[in-house]
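Student:
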Amino acid sequence: MFKNFKSVERCVIGKGAFGQLDEILSKRRNTSEDYIVFIVDKVFENGLTNIKSRVPSKNNDIVIWADVNDHEPTTEQVDEIRDSILAQKKNQLPAGVVGIGGGSVMDIAKATSLMLCNEGSSQLYQGLNLVKKPGVWHCGVPTIAGTGAEVSMTAVLTGPTKKLGLKCDWTIFDQIVLDPELVADVPTDQWFYTGMDSYIHCVESLTGTLNNEFSRAFGEKALILCQEVYMKDGLTQLERDEKLMIASYMGGLSLTYSEVGVCHALSYGLSYVFGYRHGIANCIAFDVLEDYYGSYVDEFRAMIKKHNVTLPKNLAKTWTEAEIQKMVDITIALEHMWNHAVGKDWKQKVTREQIAALFRRM
Ligand SMILES: [Fe+2]
Numbered sequence: 202m203f204k205n206f207k208s209v210e211r212c213v214i215g216k217g218a219f220g221q222l223d224e225i226l227s228k229r230r231n232t233s234e235d236y237i238v239f240i241v242d243k244v245f246e247n248g249l250t251n252i253k254s255r256v257p258s259k260n261n262d263i264v265i266w267a268d269v270n271d272h273e274p275t276t277e278q279v280d281e282i283r284d285s286i287l288a289q290k291k292n293q294l295p296a297g298v299v300g301i302g303g304g305s306v307m308d309i310a311k312a313t314s315l316m317l318c319n320e321g322s323s324q325l326y327q328g329l330n331l332v333k334k335p336g337v338w339h340c341g342v343p344t345i346a347g348t349g350a351e352v353s354m355t356a357v358l359t360g361p362t363k364k365l366g367l368k369c370d371w372t373i374f375d376q377i378v379l380d381p382e383l384v385a386d387v388p389t390d391q392w393f394y395t396g397m398d399s400y401i402h403c404v405e406s407l408t409g410t411l412n413n414e415f416s417r418a419f420g421e422k423a424l425i426l427c428q429e430v431y432m433k434d435g436l437t438q439l440e441r442d443e444k445l446m447i448a449s450y451m452g453g454l455s456l457t458y459s460e461v462g463v464c465h466a467l468s469y470g471l472s473y474v475f476g477y478r479h480g481i482a483n484c485i486a487f488d489v490l491e492d493y494y495g496s497y498v499d500e501f502r503a504m505i506k507k508h509n510v511t512l513p514k515n516l517a518k519t520w521t522e523a524e525i526q527k528m529v530d531i532t533i534a535l536e537h538m539w540n541h542a543v544g545k546d547w548k549q550k551v552t553r554e555q556i557a558a559l560f561r562r563m
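Going letter by letter, the sequence shown gives residues 202 to 563 in the working numbering.
1. Taking all protein chains shown into account, decide if Ser399 is buried (16 or more other Cβ within 10 angstroms of its Cβ) or exposed.
2. Name the two residues that bound the continuous beta strand (DSSP E) containing Phe575.
3. When burial is assigned at 16 or more other CB atoms within 10 Å of the CB, is Gly435 buried or exposed?
4. Going by Cα to Cα distance, which pick from Gly341, Val256, Arg283, Gly217 is closest to Arg211?
5. Just to confirm the assignment, what range does the alpha helix (DSSP H) spanning Lys364 have?
6. If you draw a straight line from the alpha carbon of Val306 to that of Gly480, how long is it in whole angstroms?
7. Per DSSP, what kind of secondary structure is Trp520 in: helix, strand or coil?
8. Can you give me the Cβ contacts of Ala557 inside the same chain, cut-off strictly under 6 angstroms, excluding the 5 residues immediately before and after it?
9. Residues around ligand 1, please: the ones whose beta-carbon is closer than 7 angstroms to some heavy atom of it, in chain order.
10. Alpha carbon to alpha carbon, what distance is there between Val269 and Met316?
11. Apart from the five residues on each side of it in sequence, which residues of its chain come closer than 7 angstroms, Cβ to Cβ, to Ala482?
12. What distance in whole Å lies between the Cβ atoms of Gly396 and Val352, which are believed to be in contact at a cut-off of 8 angstroms?
13. Distance, Cα to Cα, Cys318 vs Gln278?
14. Going straight from the alpha carbon of Ile485 to that of Thr511, what length do you get?
15. Taking the alpha carbon of Gly495 as the point to measure from, which residue in Leu325, Leu358, Thr408 has its own alpha carbon closest?
16. Would you give the residue range spanned by the beta strand (DSSP E) that Gly341 belongs to?
17. Could you tell me which of Glu281, Leu287, Ser227, Thr372 sits nearest to His339, measuring between CA atoms?
18. Can you find at least 3 beta carbon pairs, one from the region 323 to 333 and one from the region 359 to 370, that sit closer than 8 angstroms?
19. Beta-carbon within less than 7 angstroms of Val571's beta-carbon, same chain only, minus the 5 sequence neighbours each way: which residues are those?
20. Under 6 angstroms Cβ to Cβ from Glu343, same chain only, skipping five residues before and after it: list those, please.
21. Taking one C-beta from the region 439 to 459 and one from the region 421 to 430 each time, how about it: are there three or more such pairs within less than 8 angstroms?
22. Spatial neighbours of Arg283 within its chain, please: C-beta separation below 7 angstroms, excluding the five flanking residues on both sides.
23. Which residues mark the beginning and the end of the alpha helix (DSSP H) in which Asp492 is found?
24. Tell me Gly297's beta-bridge partners as DSSP assigns them.
25. Just verifying my parser: in three-state terms, what is the DSSP assignment at Ala356?
26. With distances taken from CA atoms, which of Gly302, Arg417, Leu411 is nearest Val387?
27. Excluding the 5 residues preceding and the 5 following Pro513 in the sequence, name in chain order all residues of the same chain whose CB lies nearer than 7 angstroms to its CB.
28. Touch check for the region 379 to 394 and the region 443 to 452: three-plus C-beta pairs under 8 angstroms?
29. For Ala482, report the span of its alpha helix (DSSP H) as first-last.
30. Under 6 angstroms Cβ to Cβ from Tyr497, same chain only, skipping five residues before and after it: list those, please.
31. Is it the case that the Cβ atoms of Phe487 and Phe501 are separated by a distance below 8 angstroms?
32. Tell me which residues share the same chain as Gly336 and place their Cβ nearer than 7 angstroms to its Cβ, disregarding the 5 neighbours each side in the sequence.
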């Protein structure tokens, strides 16, 4: 059975494209009652960049500053956002939901769009095709590049029992706005870790058993873009951000018809147990995966060196055995990733002890 995937319906790409958002949203505002919900990363609330003043909100709209600073998006957070919107507007649905931020904020926007139209807690819908009704029209505006959240059909949330996405055709954005100028002012470490998510998507997509001509076409080009971003001299920061934004998009498309692998499986364990953000968790995990990803790990280390990024080391020293075993539980449950990375017989090749040993090296 071949995957019958849905794509983002509309996409605006280019330096300054964010300026077009108001015009795009004007098509959603058909009556005076119509309102838009903007979910914006809380880091922009204090006005450090000009993003706050450029959010094209009108009087009737709701602007929510989403705090994703020290944790990944949770089911509880999405439920609260949904409930507060419906309470403020007496159950009248918005004409659109716009997420402005990194992967976490875009995932919150996707999940909020769905949860406005589906009853109960978002934790009921963590999984594939569990969502019952289509959500509200929604738009993603990345302000950092690499996660591929702008193009993926999942909204990854951490719930009380698992970290898993709300994954269905309705999750995917109706509109995205890719403006590399929005990436300016991101601290170097964060810019690096998030961009590495894209590099790792490409490596995992290209090296696994589900790899195919479609995923290769996008993955190979996105990998070249990542190599240019992180290894090529003489580029301006804006040129790097533009390449990374396209790499993020294409790396995400590559995954649509392939899968992530061992690094993401380990990274989910790290994030679940210790709350590490996705980008840095991937980097911590990728650094111990020479046996799986060989020369790509060498290249990754060269990139780290070139950008003077200090990757956290010797973390396992303070971890308890119970914490390590919990991470192994989370990791080993991600069967689709192991299937892709190692093959259908992965259970004969990979043991719990081998996975625990990888965690102990971090
Ligand atoms: Fe990722």
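All C-beta atoms in this analysis are idealised placements derived from N, C-alpha and C, irrespective of residue type, glycine included.
Tutor: Taking the coordinates as given:
1. Counting from 1 along the sequence shown, the entry for residue 399 is found at position 198. Ser399 comes out buried.
2. Past the edges of the chain, shown from 202 to 563, lies residue 575, and the structure says nothing about it.
3. The residue given as residue 435 occupies position 234 in the sequence shown. Flag for Gly435 reads exposed.
4. Numbered from its first residue, the sequence shown carries residue 211 at position 10. Nearest C-alpha to Arg211: Gly341.
5. Your numbering for residue 364 matches position 163 in the sequence shown. Element bounds for Lys364: not the alpha helix (DSSP H) but the beta strand (DSSP E), 364 to 368.
6. Sequence index remark: in the sequence shown, residue 306 carries index 105 (1-based). Sequence index remark: in the sequence shown, residue 480 carries index 279 (1-based). So the two alpha carbons sit approximately 14 angstroms from each other.
7. Locating residue 520 in the sequence shown gives position 319, counting from the first residue. Three-state DSSP puts Trp520 in coil, outside helix and strand.
8. If you number the sequence shown from 1, residue 557 lands on position 356. Contacts found: Ile525, Val529.
9. Thr348, Gly349, Asp398, Ile401, His402, Val461, His465, His479, Asn483
10. Taking the first residue of the sequence shown as position 1, residue 316 is located at position 115. Taking the first residue of the sequence shown as position 1, residue 269 is located at position 68. Spanning the two alpha carbons is a distance of roughly 19 angstroms.
11. Within the sequence shown, numbered from 1, the residue matching residue 482 stands at position 281. Contacts found: Ser468, Leu471, Ser472.
12. Here residue 352 refers to the residue found at position 151 of the sequence shown. Here residue 396 refers to the residue found at position 195 of the sequence shown. Wrong, their Cβ atoms sit about 16 angstroms apart, outside the cutoff.
13. As a first step, residue 318 must be located in the sequence shown, where it is residue number 117. As a first step, residue 278 must be located in the sequence shown, where it is residue number 77. In a straight line, the C-alpha of Cys318 is about 16 angstroms away from that of Gln278.
14. Taking the sequence shown and counting its residues from 1, the one referred to as residue 485 is at position 284. Taking the sequence shown and counting its residues from 1, the one referred to as residue 511 is at position 310. Roughly 11 angstroms separates the two Cα atoms.
15. Here residue 495 refers to the residue found at position 294 of the sequence shown. Here the closest residue by C-alpha is Thr408.
16. Walking along the sequence shown from the start, residue 341 turns up at place 140. 339 to 343 is the extent of the beta strand (DSSP E) around Gly341.
17. By one-based count along the sequence shown, residue 339 stands at place 138. Considering only alpha carbons, the answer is Thr372.
18. yes
19. No information on residue 571 is available, as it lies outside the stretch 202 to 563 that the chain covers here.
20. Position 142 of the sequence shown holds residue 343. The question names Glu, yet the displayed sequence has Pro at residue 343. Correct list, in chain order: Glu351.
21. yes
22. On the sequence shown, residue 283 is found 82 positions in, with the first residue counted as 1. The residues are Thr313, Met316, Leu317.
23. Translated into the one-based positions of the sequence shown, residue 492 becomes position 291. Taken as a continuous stretch (DSSP letters only), the alpha helix (DSSP H) holding Asp492 covers 491 to 507.
24. Your numbering for residue 297 matches position 96 in the sequence shown. The partner list for Gly297 (beta bridge, DSSP) reads Ile237.
25. Counted from its first residue, the sequence shown places residue 356 at position 155. Strand.
26. By one-based count along the sequence shown, residue 387 stands at place 186. Comparing Cα positions, the closest option is Gly302.
27. Residue numbering aside, residue 513 sits at position 312 when the sequence shown is read from its first letter. Cβ neighbours of Pro513 beyond the five flanking positions: Ile485.
28. yes
29. For this step, residue 482 is matched to residue 281 along the sequence shown. Segment 479 to 487, the alpha helix (DSSP H) holding Ala482.
30. The sequence position of residue 497 within the sequence shown is 296, counting from 1. Excluding positions up to five away in sequence, the list reads Val404.
31. Start at 1 with the first residue of the sequence shown, and residue 487 comes out as number 286. Start at 1 with the first residue of the sequence shown, and residue 501 comes out as number 300. Cβ distance < 8 angstroms, so Phe487 and Phe501 count as in contact.
32. For the purposes of this step, residue 336 is taken as the residue at position 135 of the sequence shown. Answer for Gly336: Ser314, Leu315, Leu317, Cys318, Trp371, listed in chain order.
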